[in-house]
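>
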C-alpha cells in the first residue's frame, strides 16, 4: 500500500514541479500572424519567476467565454526536444503530430489521440493552449516520466504548425538522509539512475522497492531542485531502526506426545555482517523440556542482480517416554535452499515471483509429525532429497486482496544412501522414494462490509504416492481446522477451507497522551474451518480418509511492532476416531523488541 501511495505522489508531483511559460500569439490583419514578445501583448501562465510553480490544472479557472488568441487553424503539432531546434520563423506545414530531436517515452498514438481535438481547430484560446500542455504532461506521467517542462516558445505559425518545447528533467544527484543504522553507501547502492539520466519513475520505484525489502528500514523519495538548470536532486529519506530484534513467545500448538505447550525464543539480525542480509535463529521446546530441543536457522540475501537467495534448516532432538521406564529417542535434520526470481514491477498493487530449490531431510523417527493416526516409530536413519518449484501472485485493490500460491515437490528415486523403498517403509508402510505432489493455496479478503471484512482461504495437496509423515498434509490445529488437536489426521491428499468474518480494528489504549501513541489494535472474528483428507493406504487400523469441521469465535490483539496475541475457541462439529474433547482453545503470544 505504501508503494502504491508513493507512486500516486510521483504522479501528482509531475504536474507541479516546474514553472510553465507560455507566449500568446497576437493577431494583426495587416501583418503576418506571429507571436508577440512585447510586454503589453504577452500572455503567460506564470507571471513571475519568484512565484511557486503551478500546473495548468492548479491555476484559477478561466471564464467560460475565452477569446481566441491564435486566429490560424492548427493542422500540425511539432514536439521539439531542445530550444536550439525551435524554428522561430515557422516550419514546413504538415498534418498530425511529429517530433524533432525528441524520443517519446511511449507509443505515439495515445498522445496523438489526446491532441487530436485541437488539430484543425481555428481560433485556439488560452485555455486550449493550457489544455494541450496538460495533455502532454499527463502523457509523460503515464509513461513514467514524472519530471517534464512543456513550453510554447515564440514562433511564426502562419503555416498552421505549432511548435512545443518539451524538456525532460534530469537527475542531478542522489543523497541519503535521516538514516541512522544503515550507511549512506548501502542505500545509494540500490539506485540505478546516474547523474544526467532522465528521471524514469519505473526505474526509481523499482530501486526503492528493492531497498525496502529489508524489514528494518523504509525509504521514501523526495524531489528537490538541482544545482544546475534543468536538473532535479533526489533525497532518499529512510526511517530505520536498530537492525536486531529479539523475541520470545509461546503457544499450545504442540502435540500430546512431545507436549502441547510450546515455548520459543530467537532473534533476527537485519544487517548480517554489514551485508544487508537477514539472519534469523529460533529455539523451540515444550513445557516437558526434556522431550524436545529444536533449533532452526534462516539466511536471506538479496542478490545484486535483483534475485533472492534463502537458505534455511534445523536440527531437532526428541525423547518420548513409553511404558516400562523406556524412552524413544530420535533426531531430525533439515537443510533447504530457495532461489527466487521476482517479476517487475516490484512496486504497486501486484507482486509475483518464481521460486525453485531443494530440500534435504535426515531422520530416524516420526515423533515431530505425530498425529492421532500414527504410532510412535523410531527406526534406522533415512534420507529424503526432493526438488521444489513454486509460483506466487499477489494483487491488492481498493477493497480486496487476492493471493495465489502453487508448489510442486518431486523426488525421482534413490539419490542418496538410506533412501530406498525398504528404508522408507520402516518409517511408514507403503511409502515410496519416487513421488510427485503439489500444494495449491488461494486467499481472498474483502474489506469494508459495514466496517467488517471477510477473509476466505482454500488450500489443497495432491499426491500420487504414499508419502513420509514429513510430507503429509496435517489436518487439525490452529492453522488448519480449529477445535482439533494439532495434526489430528495426516493425509497424502487433502483439501482445507477457512472462512472468517472480522470486525473493524479497535483501539484499546485511548486515554492519556502516552497511551494514545501506542499503535495497538483489537479485532474480533468468527470462523468456520473444514478439512478432508485421504491416504493411499491405511495402516495400524486407522482410517484411510477422514474429515474435520469446526466453528467458533476468536480475537487478535497487537501492539505493533512489539506484541501480538491470538485466541480462538474451536468447537467440533464432527468427531474423529480418537476424539476426547468437544472443543479446544488455541492460544499464541509473541513479544519482541
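Residue numbers (this note's numbering): 48 to 640.
We put the beta carbon where it would ideally sit given N, CA and C, even for glycine.
1. From the DSSP output, in three-state form, read off residue 343 for me.
2. Take residue 487 as the anchor and find which of 360, 355, 136 and 450 has the nearest alpha-carbon.
3. Using only the heavy atoms of the ligand COA, determine whether one of them is closer than 6 Å to the beta carbon of residue 150.
4. Between which two residues does the alpha helix (DSSP H) containing residue 157 stretch?
5. From the DSSP secondary-structure annotation, give me the bridge partner or partners of residue 594.
6. Please classify residue 369 as buried or exposed, where buried requires at least 16 other C-beta atoms within 10 Å of its C-beta.
7. Given 8 Å as the limit, is there contact between the stretch 214 to 233 and the stretch 277 to 290, that is, 3 or more CB pairs closer than that?
8. Using CA atoms only, rank isn't needed, just tell me which of 306, 400, 292 and 285 is closest to residue 453.
9. According to DSSP, simplified to helix, strand and coil, what is residue 141?
10. Assuming residue 478 and residue 515 make a contact with CB atoms under 8 Å, what is their CB distance in whole Å?
11. Rounded to the nearest angstrom, what separates residue 100 and residue 193 at their Cα positions?
12. Given this structure, state the Cα-to-Cα distance separating residue 269 from residue 326, to the nearest angstrom.
13. Just checking, does the stretch 460 to 475 make contact with the stretch 503 to 512 on the three C-beta pairs under 8 Å criterion?
14. Are the Cβ atoms of residue 140 and residue 195 separated by less than 7 Å?
15. Grab the span of the beta strand (DSSP E) containing residue 386 for me, first residue to last.
16. How many angstroms separate the CA atom of residue 604 from the CA atom of residue 542?
17. From 169, 160 and 583, pick the residue whose C-alpha is nearest to that of residue 186; which is it?
18. Is residue 229 closer than 7 Å to residue 267 when the C-beta atoms are compared?
19. Expressed to the nearest angstrom, what Euclidean distance is found between the alpha-carbon atoms of residue 133 and residue 211?
20. Between the alpha carbons of residue 480 and residue 467, how many angstroms are there, rounded?
21. Does the count of Cβ pairs from the stretch 351 to 358 and the stretch 326 to 343 closer than 8 Å reach three?
22. Return the Cβ separation of residue 417 and residue 302 in integer angstroms, given the expectation that the two are a contact with Cβ distance under 8 Å.
23. Let me check understanding here. Comparing Cα to Cα, which of 291, 314, 319 and 333 lies closest to residue 308?
24. Which whole-angstrom value is the C-beta distance of residue 602 and residue 570, which I expect to be below 8 Å?
25. Where do the ends of the beta strand (DSSP E) carrying residue 298 lie?
26. Can you check which of these residues, 290, 203, 136 and 294, is closest to residue 639 by C-alpha distance?
27. Residue 606 and residue 567: beta carbons closer than 7 Å?
28. Please report the Cβ distance between residue 530 and residue 630, rounded to the nearest whole angstrom; I am assuming they are in contact, meaning their Cβ atoms lie under 8 Å.
29. Apart from the five residues on each side of it in sequence, which residues of its chain come closer than 6 Å, Cβ to Cβ, to residue 431?
30. CB-CB under 6 Å to residue 578, same chain, minus the five flanking residues each way: which ones, in chain order?
31. Going straight from the alpha carbon of residue 291 to that of residue 175, what length do you get?
32. How many angstroms separate the CA atom of residue 255 from the CA atom of residue 238?
33. Helix or strand or just coil, what does DSSP make of residue 432?
34. Under the DSSP definition of a beta bridge, which residues are partnered with residue 492?
35. Check this for me: beta carbons of residue 285 and residue 225, under 7 Å apart or not?
36. Going by beta carbon distance, what residues of the same chain come within less than 8 Å of residue 586, once the five residues before and after it are set aside?
This is what the structure holds:
1. Here DSSP, grouped into helix, strand and coil, assigns residue 343 to strand.
2. The shortest C-alpha separation from residue 487 is found at 450.
3. This structure lacks the ligand COA; in fact it carries no ligand of any kind.
4. Per DSSP, residue 157 belongs to the alpha helix (DSSP H) from 155 to 162.
5. According to DSSP, which records beta bridges pairwise, residue 594 is partnered with 579.
6. Label assigned to residue 369: exposed.
7. With the cut-off at 8 Å, the stretch 214 to 233 and the stretch 277 to 290 touch.
8. The shortest Cα separation from residue 453 among 306, 400, 292 and 285 belongs to 400.
9. Looking at residue 141 - three-state DSSP - the assignment turns out to be coil, as it is neither helix nor strand.
10. Between residue 515 and residue 478 the Cβ distance is about 5 Å, and since that is below 8 Å, they are a contact.
11. The predicted position of residue 100 is uncertain, since its pLDDT is 33 and thus under 50; a value taken from the coordinates is nonetheless stated next. Approximately 15 Å, taken between the alpha carbons.
12. Here the C-alpha atom of residue 269 lies approximately 31 Å from the C-alpha atom of residue 326.
13. No, the stretch 460 to 475 does not touch the stretch 503 to 512.
14. Cβ atoms of residue 140 and residue 195: not closer than 7 Å.
15. Annotation for residue 386: the continuous beta strand (DSSP E) segment containing it runs 373 to 389.
16. Rounded to the nearest angstrom, the gap between the Cα atoms of residue 604 and residue 542 is 29 Å.
17. When only C-alpha atoms are compared, the closest one is 160.
18. The Cβ-Cβ distance between residue 267 and residue 229 does not fall below 7 Å.
19. If you take the alpha carbons of residue 133 and residue 211, they lie about 8 Å apart.
20. Each residue's alpha carbon lies about 6 Å from the other.
21. No: the two stretches stay apart, fewer than three of their Cβ pairs being nearer than 8 Å.
22. Right, the Cβ-Cβ distance comes to about 5 Å (below 8 Å), so this counts as a contact.
23. Comparing Cα-Cα distances from residue 308 to each of 291, 314, 319 and 333, the minimum goes to 333.
24. Yes, they are in contact, since the Cβ atoms of residue 602 and residue 570 sit about 7 Å apart, within 8 Å.
25. Residues 291 to 298.
26. Of the listed residues, the one whose Cα sits closest to residue 639 is 294.
27. Contact annotation: residue 606 and residue 567 have beta-carbon atoms nearer than 7 Å.
28. For residue 530 against residue 630, the beta-carbon gap comes to about 6 Å, under 8 Å, which counts as contact.
29. Take residue 431, set aside five residues on each side of it, and the residues of its chain with a beta-carbon closer than 6 Å to its own are 408, in chain order.
30. Cβ-Cβ distances below 6 Å link residue 578 to 522, 527, 528, 543 and 595 in the same chain, with the five nearest sequence neighbours on each side left out; the list follows chain order.
31. Inter-residue distance for residue 291 and residue 175 is about 58 Å (C-alpha atoms, whole angstroms).
32. The C-alpha of residue 238 is placed about 8 Å away from the C-alpha of residue 255.
33. It is a strand residue.
34. DSSP output for residue 492 lists 448 and 502 as bridge partner(s).
35. Cβ distance < 7 Å, so residue 285 and residue 225 count as in contact.
36. Hits under 8 Å: 475, 476 and 477.
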